[in-house]
Structures are given as C-alpha cells and as structure tokens.
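Chemist:
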Amino acid sequence: MVSSYSRPAAVSGPPDARSAYHHVSVLLEPMIRNMKPRSSGVYADCTLGGGGHTRALLAACAPGGRLIALDRDAAAIQNSRPLEALSGGRLRLFHAPFSRLADCMAESGIDALDGIMADLGLSTFHLNGSGRGFSFERDEPLDMRMDERTARTAADIIRETGEDDLADLFRRYGEERFSGRIARRIVAERRHHPVDTSRRLAEIITSAVPGPKPGREKKGRNHTGRKKPVHPATRVFMALRIAVNGELDQVTRLMTDAPDLLAPGGRLCVISFHSLEDRIIKQRMAAEEKGCTCPPRLPGCVCGKKTRLRRVFRKSIPPSPEEVAANPPSRSARMRVAERLFPDGAGETDIKAGETDIKEECA
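1275 is the number of the first residue of the sequence shown in the numbering used here; add one for each residue after it.
1. If you draw a straight line from the alpha carbon of M1512 to that of A1348, how long is it in whole angstroms?
2. Once you ignore the five residues that flank S1227 on each side, which residues in its own chain have a CB closer than 7 Å to its CB?
3. For H1400, does the three-state DSSP call read helix, strand or coil?
4. What span of residues does the alpha helix (DSSP H) with A1476 cover, start to end?
5. Which stretch, first to last residue, makes up the beta strand (DSSP E) that contains D1413?
6. Can you give me the start and stop residues for the beta strand (DSSP E) that C1543 sits inside?
7. Taking the straight line between their C-alpha atoms, what separation do you get for G1565 and G1395?
8. Using the three-state DSSP reduction, which class does L1322 fall into: helix, strand or coil?
9. State the start and end residues of the unbroken beta strand (DSSP E) segment that holds V1611.
10. Whole angstroms is fine: what's the gap from M1379's alpha carbon to G1339's?
11. Thinking C-beta only, is I1390 closer than 8 Å to L1416?
12. Would you call the CB atoms of L1302 and A1330 closer than 8 Å?
13. Taking C-beta to C-beta, are R1366 and S1382 nearer than 8 Å?
14. Within 10 Å of its beta-carbon, does C1575 have 16 or more other beta-carbons around it, so buried, or fewer, so exposed?
15. Taking a contact to mean a Cβ-Cβ separation below 8 Å, would you say L1572 touches A1612 in this structure?
16. How big is the Cα-Cα spacing for A1386 and D1319?
17. With burial defined as no fewer than 16 other Cβ atoms inside 10 Å of the residue's Cβ, what is the status of F1368: buried or exposed?
18. Exposed or buried, C1543, counting other C-beta atoms within 10 Å across all chains shown (16 or more means buried)?
19. So what's G1494 in DSSP terms, helix, strand or just coil?
20. DSSP beta-bridge partners for R1582?
21. What does the Cβ neighbour count give for C1335, buried or exposed, with the cut at 16 atoms within 10 Å?
22. Within 10 angstroms of its Cβ, does H1466 collect 16 or more other Cβ (buried), or is it exposed?
23. Could you name the residues that DSSP lists as bridge partners for A1343?
24. Taking the C-alpha atoms as reference points, what is the distance between D1438 and A1537?
Structural data, given as structure tokens:
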C-alpha cells in the first residue's frame, strides 16, 4: 500500500482566467498560412484556448473577414471576451464543443466556412492554472473536465470503474503497457483511501510501474532528444482526460462534419498531439479523398459516395527545430491539411503542388 497519502487541507481555485490563461500556440505560422485567409472569408477556430490562433487569423483576414471561435472551457471564453469586444463584430465566441460547430454557424447566420482550424493539444493553462488535476506534478482535485458542466470527473471514473474496465481504458486511450498492474494497484488502494487528487493517483501509478522512479532517473536523452524517461503517470493521465471529455468522439464528429460545413476551396487544418487523434484525422481525410467505398469487383459505383476532400500534404507537418527549441511541448504536434473540392472534383491546389510543399514544410 502507498503510505504517503495525505489529503490536502484545501486546494485553492484558479485565479481570474484573464490573468492565468497563458498558452503558447504551436505551428502558428504554418496554420495561418495554410488557412489561406482573405478579407471576404468566414472561418472557425474550434479550439479557442488562449486565443493565439484566433488572434492571428483575425488579423490575417482583416479588414472584412469574420471568425467564430468555440471552446468547451468557460475560462477560455472569458479570457478572449476583450478580443471579441475589440473586433467590431468580426469575432463571435461560443461556449461549446466543436461537435456543435454546425449549430454555432446557424446561430451566426453562416451557411459555409472558408476554413476550419483546430488545435487539439492541452493548454498550459489547464496544466498549470486550472486547478482541475490535469497535471501529475501538482496536488489538485482529480477533475480533468474541460467543461465543468460535464457530470463525470476523473475521480468518479477511478472510484466507480472495475479493475478490468480500468485496465482496458488505460490500454485503449493511453496505450499503457502496464495497464493491468496500474488498475490492480488503484483498486487495492481505493479500498483504504479515496483516490481523488492528482498527486495521490500519480503516486499510486508510480508505485505500480517497474523501472526508475521520478527523481532517480539516469541523466541523458533518448534517440528523440527528449529527456528520459517519461513520467510513469503520463499515459494514464492522458487516458483519463480523453475518457472524461470524450475527446476521440469529438474529433471523429469534427472530421465527419467538416466536409459538409466547408465551402468549395475551404481548408481544414487540424493539429494533434498523440497517435490516437492523428489516426482518426488521417483516416477520415483519406476516406473523404477516396470517395467511393464499393468493392473493386463491382463494375461501377453503387455507393454514391464522392470525393469531397483532398489532402494538401500527404504527410503531417511537424514544428520546426527552432519552434521545438523555443517551446519543447510542441515537439509532439503534427498538423494535417485538407481542402474541400468543388462539385466537379477540382481544388484550388493540385496534389503536385502539395507534394512540393511537403518538402518545404517538413524540412
């Protein structure tokens, strides 16, 4: 049993969102450039966050371009209210998940968008300023809700879920190879004390995983240049966050809806930070590019599905070495870009141009 348990006497809430919401936007310049902003365009930022991408796109499509920005977190909306007020009606904010993008468009009188962007990463604010237990390095209530209107917290999942289901959750959403050991230890520990803070959970995970413990690692770097090893709680915390917020379902919904919401020639730019998200984005873009799903043995198409998107780059776009050096958390970011085709199947850029750009972007 882990003996270092101690419930904090009090955990103070986050300070005012406008002073605490700090976040460095990743792939900012490539994102804005690939959105192809113009002054007559209408755009959507599905993940407002600290407002970095929103602010840059609003400036790039001046003076007449319009933008709607969504976020599940009320703190993000509050943080960007001054920007909305100064936009002269060009920016409208919505406290909503991006699965409700179509509803927000309808409320704004928008029929189609010239660009949709989303940065799926966890913000610095959530890790260091939200007080919701996203970080295993802090001692906070084990909440992990992006939207505090959501009923179930991470602590609820830890308390109510059986051992086998916990192990499956850690394996499926965190790709955690020690999922069974960790789930077994959590179930044993919660019989003695509630597992309701981020530090308490991190201690339990660390005690269950073999290998060097945090603070006792050998110095050096692995082949990726990252300091080693990764904290034992990293993957479990990611899995819980994904489960609490239904993140993969949200990404799937966005990728399913986007072709219907984009105007011909409109761009879809999505930044992901782990393989589960990137796999969904890659597969959905490829499926929309393929169109017909009929078996090859059939003489003609009977499914009626048409090619609606074309990938601008065959590969994902990583941050530059300079960006990674300046902002190490950006190292995991990958951006994929697709373009809505015109009814005749034509796009504003052909794939040869896209392939040329790949070499330039990924250099």
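Glycine residues also receive a C-beta, built at the ideal position from the N, C-alpha and C atoms. What you are looking at is a predicted structure, and each value in this text was computed from that prediction instead of being measured.
Modeler: Judging by the given coordinates:
1. 21 Å
2. Since the displayed the chain opens at 1275 and closes at 1637, residue 1227 lies outside it and no answer follows.
3. helix
4. 1472–1482
5. Counting along the chain, D1413 falls outside any beta strand (DSSP E), and DSSP gives it neither H nor E.
6. 1536–1546
7. 29 Å
8. coil
9. 1608–1614
10. 15 Å
11. no
12. yes
13. yes
14. exposed
15. no
16. 14 Å
17. buried
18. buried
19. Summary for G1494: the model assigns pLDDT 44, below 50, so the residue's position carries little reliability, and this model does not support an answer.
20. According to DSSP, which records beta bridges pairwise, R1582 is partnered with nothing at all.
21. buried
22. exposed
23. D1319, L1367
24. 46 Å
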